[in-house]
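The next block holds one structure in the form of structure tokens; read it before the comments.
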Amino acid sequence: MKKRKLSDRAAEFIVSLNDDELAALKVDTLAANLGVNPSYLSRKFKSDKKMSLNEFITGEKMHRSAILLSKNKKVPLVSLAKKTGFARSDYFVVLFKNYFGIHPKKYGQLKNKMFPVIDSDYM
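Under our numbering, residues 155 to 277 are what the sequence shown spells out, in order.
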């Protein structure tokens with residue numbers, strides 16, 4: 155039987171986390187769960203997936219925040235940022251705008267018309 159790549163195992167682990175676990179996730183914790191050195195995991199992930207591990211984690215957080223916004227358009231940005239693991243809502247807004255090209259509040263307002271929410275299973 156062929157052994158799965160470390161980067162695939164890491165990605166599967168990340169998307170399997172619940173929202174609270176994802177919000178608290180650190181590369182060190184992920185590496186410990188996979189039984190490898192954090193630096194090695196980061197290098198292998200970048201080599202295999204052509205994106206950094208932190209970019210992948212942030213992308214998963216952005217998708218989860220979009221799902222939360224689609225369920226509750228009136229959620230305060232401070233709450234949404236904290237729920238997805240960001241201490242500062244202004245930083246969360248910058249990341250969200252860079253990722254989706256639109257402010258989170260605008261996304262929540264227009265979601266049903268223009269922007270479909272993508273499930274976490276985008277690997």
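For every residue, glycine included, the Cβ atom is placed at its ideal position computed from N, Cα and C. A quick note: this is a predicted structure, and the numbers were derived from the prediction, not measured.
In this structure, valine 181 places its C-beta atom within 7 Å of the C-beta atom of leucine 207. The beta carbon of alanine 235 lies closer than 6 Å to those of Ser243 and Phe246 in the same chain, with the five residues before and after it left out. In the three-state reduction of the DSSP assignment, histidine 217 falls in the helix class, which pools H, G and I. Cα atoms of alanine 241 and serine 233: separation of roughly 10 Å, rounded to the nearest angstrom.
Judged by DSSP in its simplified three-state form, isoleucine 168 adopts helix. Non-local C-beta neighbours of serine 161 in its own chain, meaning closer than 7 Å and more than five positions away in sequence, comprise Lys198, Phe199, Asp202 and Lys203, ordered along the chain. Residue range 243–254 is occupied by the alpha helix (DSSP H) that includes valine 247. Burial state of histidine 217 is buried, judged by a 10 Å Cβ sphere holding 16 or more other Cβ atoms.
When rounded, the separation of the alpha-carbon atoms in isoleucine 256 and leucine 249 is 10 Å.
For valine 232, the enclosing alpha helix (DSSP H) begins and ends at 231–237. Excluding its 5 nearest sequence neighbours in each direction, threonine 212 has C-beta neighbours in its own chain below 7 Å: Leu249, listed in chain order.
DSSP places lysine 204 in the coil class of the three-state scheme, outside both helix and strand.
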